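> So the protein sequences, as listed, match chains A and B. If you count the first sequence from 1, position 168 lands on 168 in this note's numbering, and the numbers rise without skipping. Positions in the second sequence are counted from 1; adding 1000 to them yields this note's numbering. No residue lacks a Cβ here, since even glycine has one placed at the ideal position from N, Cα and C. Quick caveat: nothing in here was measured; it's all calculated off a predicted structure. Quick one: this structure, given as C-alpha cells, is what I'll be asking you about.
Protein chains: 2
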Amino acid sequence: MPSATSAAADSHPAGARPRRRAGRPPAAVLDQDTITTAALRLVRKSGYEGFTMAALARTLNVAPSALYNHVASKREVLVLIQDHLTSFVDVSAFDTESWDQAVRDWAWSYREVFSKHTPLIPVIAVLPVADAPKTLAMYEAVSAGFRRTGFPQERIISAIVALESFIFGSAYDVTAPADIFDSGSMAASTPNFTSAVERLARQGLESPADAAFSLGLEALIAGFGALRR
Amino acid sequence: MPSATSAAADSHPAGARPRRRAGRPPAAVLDQDTITTAALRLVRKSGYEGFTMAALARTLNVAPSALYNHVASKREVLVLIQDHLTSFVDVSAFDTESWDQAVRDWAWSYREVFSKHTPLIPVIAVLPVADAPKTLAMYEAVSAGFRRTGFPQERIISAIVALESFIFGSAYDVTAPADIFDSGSMAASTPNFTSAVERLARQGLESPADAAFSLGLEALIAGFGALRR
DNA sequence: CCACTAAATGAATGGCATTCATTTAGTGGC
DNA sequence: GCCACTAAATGAATGCCATTCATTTAGTGG
C-alpha cells in the first residue's frame, strides 16, 4: 500500500488541479495554512502540553471536529508545524560562505529552531521527505552546497543524516535541567564522572549544551571536510 | 526544592535503612523491580502504543491504582525501563580495547539498545543522572576510559554528551521507513538531493542508517582522538 | 431555482492517567 | 493472644483527550 496520507502531496497532486464537478461549498473559514499558523501561535503561547485539538479549535472559533475536514490527525498538524518551522532554518550561508562556515551556520540555526520544539523531533526524524516540502527544500540547498565543495556524491546523504542526527540529539540538551549532571548521593562511587563534571563547571563560559554542541560539530566538520576532493 | 522523587535514591537513601515504626504491611505483590520487569516485557510484546498503566496492571493481576503505591507516574515507569535498559549497553571494551575501539563498540551498542526504544529518548535526554543509577554507572565507565587515554578533563563531559546526542539522534534513523528519502513528485525541483539519494542507493551495502552512523561516529572518534595528550 | 458539494456542527465514544476514600492483612509490642 | 499501627491493594470516580459520524448549512454552476 502507498505511504500514509501526505499533507503536501494532497494539496497539489503534481499537475492535477483540485477537481470540482458541481457548485462550490460556502466560503471556508479553515484551511491548512490557517491551521498551521494558529497551531504555531498556540504552541508558542501554551507549549506542547497545552496544544490540544480542542484548544486549537477554540483559537479558531470553530468546533474541534471541523479541523478534521482539513487534517487527518493531530500528528498531521505537528507535521505542518514542523515543515513551517524548517523554513526558519537559515541555509543562506551555503551561498555566501565557505563550506565549513556554511555547515556551521546551518547547524547552529537548525538546532536553535528545534531546541524550542523538541516534541516535534520524534515526528520529524522518521517523516518521509515527500510529506514536508519546505524540509525537502532545505535538504536541496544543503545537498547543493556539499556537491559544490567536491564532496563525494555517494556520501552526501549519509553526511547530512549524521549531522541532522547530531543536531536533533543536541536540541534536547538545550532544554535539559541545569542540575542534570549532579550525581547527588552517589558521587562517591563515580569519581571519574564527578570530577569531570566539576572540571567542566569550573571552566564553563558557555553553557554545557553549547560546549558539547560546538565540540561535536567541529569534529564532524573537520572529519567530513577531509573527504572532499 | 530538591529534584523530583528519585526512584533509586528512595530505595536506599545512602546509609538510612527503610524506617518502620510499627507492624509490617501484608506481603507486597508489587515493587519497583517487579514493575520494571513486567513493563519491559509488555513493551516488547505490545510496543509503546500498547503500553498503558491499565495494561501493565493487567499483566501483574493488579488494579491500575495499585501501581501508584510504588511509582509516582507513568513517566517514572519509563525512567525505570530506561535505566534498566542502560545496563544492557556494553561498556566492557573500555577495559580491553584501545580507546578508539572502545568508543566505537560502546556507541554501536548504545544505539542498538535504544533504537528499539525511541519513545524513551525524550525522557532520557533530559533526565538528571541521579534518577538513573545504572545510567550513571555507564557514564562512570566511559569517563574513566576517557581519562585513562589522556583526554583533557574539562572536555570529557562535553565529548560524552556530544557522542550521546549523536547516538540518540541516530537511533531514530534505524526505525525510519525505507522510503523516507523518496522525494516523489517534487524530485524535479530538487536535483542535487535526488541525485545524492540515487548515488547512495546505488552504493548501499549497509542500510542508510548504518552508513550515516558509521560516517558520523568515525568523524567524532577521529576528531576527539586528536585532543588526547 | 435546483442539485450538488464541501465545510461546519454537536453529540457521542472509548481510552487514558491519575486521585482518593475505603478495605485488607501482616507484625511488633503488650 | 490481642491490639494498634501500617503499607498495600482496591474500585469507583474525575477530567481530559483524539477521533467519528449523522446531520445541518450555505455557496455555486447549470
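First and last residue of the alpha helix (DSSP H) that includes valine 1113 (chain B)?
In the second sequence, residue 1113 (chain B) corresponds to position 113, counting from 1. First-last of the alpha helix (DSSP H) with valine 1113 (chain B): 1099-1115.
> May I have the straight-line CA-CA distance separating leucine 1042 (chain B) from valine 1079 (chain B), to the nearest angstrom?
Along the second sequence, read from residue 1 onward, the residue named residue 1042 (chain B) stands at position 42. Along the second sequence, read from residue 1 onward, the residue named residue 1079 (chain B) stands at position 79. For leucine 1042 (chain B) and valine 1079 (chain B), the distance between alpha carbons rounds to 15 Å.
> Determine the extent of the alpha helix (DSSP H) in which methionine 1053 (chain B) is found, giving its start and end residues.
In the second sequence, the residue the question calls residue 1053 (chain B) occupies position 53. Taken as a continuous stretch (DSSP letters only), the alpha helix (DSSP H) holding methionine 1053 (chain B) covers 1053-1059.
> Output the boundary residues of the alpha helix (DSSP H) element that contains histidine 1084 (chain B).
Counted from its first residue, the second sequence places residue 1084 (chain B) at position 84. Segment 1074-1086, the alpha helix (DSSP H) holding histidine 1084 (chain B).
> Who are the near neighbours of tryptophan 99 (chain A) in its chain, counting only those whose CB is closer than 6 Å to its CB and skipping five residues on each side?
For the purposes of this step, residue 99 (chain A) is taken as residue 99 along the first sequence, with counting starting at 1. If we look at tryptophan 99 (chain A) and ignore the five residues flanking it on each side, its Cβ neighbours are Thr149.
> Taking Cβ to Cβ, would you say threonine 1135 (chain B) is nearer than 9 Å to serine 143 (chain A)?
The count along the second sequence starts at 1 and reaches residue 1135 (chain B) at position 135. The count along the first sequence starts at 1 and reaches residue 143 (chain A) at position 143. Cβ atoms of threonine 1135 (chain B) and serine 143 (chain A): not closer than 9 Å.
> By how many angstroms is the C-alpha of phenylalanine 1151 (chain B) removed from the C-alpha of arginine 1229 (chain B)?
Here residue 1229 (chain B) refers to the residue found at position 229 when the second sequence is read from its first residue. Here residue 1151 (chain B) refers to the residue found at position 151 when the second sequence is read from its first residue. Distance between the alpha carbons of arginine 1229 (chain B) and phenylalanine 1151 (chain B): 6 Å.
> Spell out whether any CB of chain A is found under 9 Å from the CB atom of glutamate 1076 (chain B).
Position 76 of the second sequence, counted from the first residue, corresponds to residue 1076 (chain B). Not one chain A Cβ lies under 9 Å of glutamate 1076 (chain B).
> How long is the line joining the alpha carbons of leucine 1163 (chain B) and serine 46 (chain A), rounded to whole angstroms?
Indexing the second sequence from 1 puts residue 1163 (chain B) at position 163. Indexing the first sequence from 1 puts residue 46 (chain A) at position 46. The straight-line gap from Cα to Cα measures roughly 32 Å.
> Along the alpha helix (DSSP H) that carries tyrosine 1139 (chain B), what are the first and last residues, could you check?
Looking up residue 1139 (chain B) in the second sequence gives position 139. That run of the alpha helix (DSSP H) goes 1133-1148.
> Near aspartate 173 (chain A), which residues of its chain fall below 6 Å by C-beta distance, leaving aside the five closest residues on each side in sequence?
Residue numbering aside, residue 173 (chain A) sits at position 173 when the first sequence is read from its first letter. Within the same chain, aspartate 173 (chain A) has close Cβ partners Ala209.
> Closest by CA to glycine 1204 (chain B), which one among A:Ala219, A:Asp83, A:Arg155, A:Thr175?
Indexing the second sequence from 1 puts residue 1204 (chain B) at position 204. Ranking the options by Cα distance to glycine 1204 (chain B), first place goes to A:Arg155.
> For a contact meaning CB atoms closer than 8 Å, what does glycine 150 (chain A) contact in chain B?
For the purposes of this step, residue 150 (chain A) is identified with residue 150 of the first sequence, where counting begins at 1. Residues of chain B passing the Cβ test: none, with the nearest at roughly 13 Å.
> Glutamine 1032 (chain B) lies in the alpha helix (DSSP H); which residues open and close that run?
To locate residue 1032 (chain B), count along the second sequence from 1; it is residue 32. 1032-1046 is the span of the alpha helix (DSSP H), which, as asked, contains glutamine 1032 (chain B).
> Measuring alpha carbon to alpha carbon, tell me which of A:Leu215, A:Leu56, A:Glu140, A:Gly50 ends up nearest isoleucine 35 (chain A).
Within the first sequence, residue 35 (chain A) is the residue found at index 35, counting from 1. Considering only alpha carbons, the answer is A:Leu56.
> Alpha carbon to alpha carbon, what distance is there between isoleucine 124 (chain A) and glycine 1169 (chain B)?
By one-based count along the second sequence, residue 1169 (chain B) stands at place 169. By one-based count along the first sequence, residue 124 (chain A) stands at place 124. So the two alpha carbons sit approximately 11 Å from each other.
> Is any beta-carbon of chain B found at less than 9 Å from that of arginine 21 (chain A)?
Numbered from 1 along the first sequence, position 21 holds the residue referred to as residue 21 (chain A). Annotation note: pLDDT 48 at arginine 21 (chain A) (below 50); position unreliable, coordinate value reported separately. It does not: the Cβ of arginine 21 (chain A) has no partner Cβ on chain B nearer than 9 Å.
> Who are the neighbours of aspartate 1083 (chain B) on chain A, taking C-beta pairs under 8 Å?
The residue you call residue 1083 (chain B) lines up with position 83 of the second sequence. Near aspartate 1083 (chain B) there are no residues of chain A at all, since even the closest Cβ is about 13 Å away, more than 8 Å.
> Say whether chain A places a C-beta atom closer than 9 Å to the C-beta of glutamine 1032 (chain B).
Position 32 of the second sequence, counted from the start, is the residue given in the question as residue 1032 (chain B). No, glutamine 1032 (chain B) lies away from the interface with chain A (no Cβ there is under 9 Å from its Cβ).
> Check distances from the C-beta atoms of the stretch 1128-1139 of chain B to those of chain A and list, in chain order, the residues that come in under 8 Å.
The stretch 1128-1139 of chain B vs chain A, Cβ under 8 Å: Pro1128, Val1129, Ala1130, Pro1133, Leu1136, Ala1137, Tyr1139.
> Which residue from A:Asn61, A:Ala39, A:Pro64, A:Ser65 puts its Cα closest to that of aspartate 83 (chain A)?
Your numbering for residue 83 (chain A) matches position 83 in the first sequence. Per the Cα distances, A:Ala39.
> Go ahead and label arginine 1044 (chain B) buried or exposed: buried means 16 or more other beta carbons lie within 10 angstroms of its beta carbon, across all protein chains shown.
Working through the second sequence from its first residue, we reach residue 1044 (chain B) at position 44. Exposed, by the Cβ-count rule.
> Is the distance from the Cβ of valine 1129 (chain B) to the Cβ of phenylalanine 213 (chain A) below 9 Å?
By 1-based counting over the second sequence, the position of residue 1129 (chain B) is 129. By 1-based counting over the first sequence, the position of residue 213 (chain A) is 213. Contact flag unset, no.
> Spatial neighbours of threonine 1175 (chain B) within its chain, please: CB distance less than 7 Å, with the 5 preceding and 5 following residues excluded, ordered by chain position.
As a working note, residue 1175 (chain B) is residue 175 in the second sequence. Excluding positions up to five away in sequence, the list reads Ser1115, Thr1118.
> Given a cut-off of 9 Å on the beta-carbon distance, is the pair asparagine 192 (chain A) and glutamate 1140 (chain B) in contact?
To locate residue 192 (chain A), count along the first sequence from 1; it is residue 192. To locate residue 1140 (chain B), count along the second sequence from 1; it is residue 140. In this structure, glutamate 1140 (chain B) lies closer than 9 Å to asparagine 192 (chain A) by Cβ.
> Residues of chain A with CB under 9 Å from aspartate 1182 (chain B), in chain order?
For the purposes of this step, residue 1182 (chain B) is taken as the residue at position 182 of the second sequence. Within 9 Å Cβ-Cβ: Ser3, Pro128, Val129, Ala130.
> Apart from the five residues on each side of it in sequence, which residues of its chain come closer than 6 Å, Cβ to Cβ, to arginine 1021 (chain B)?
Against the second sequence, residue 1021 (chain B) aligns to sequence position 21. The predicted model places arginine 1021 (chain B) with a pLDDT of 47, which falls under 50 and marks its position as unreliable, so this point remains unresolved.
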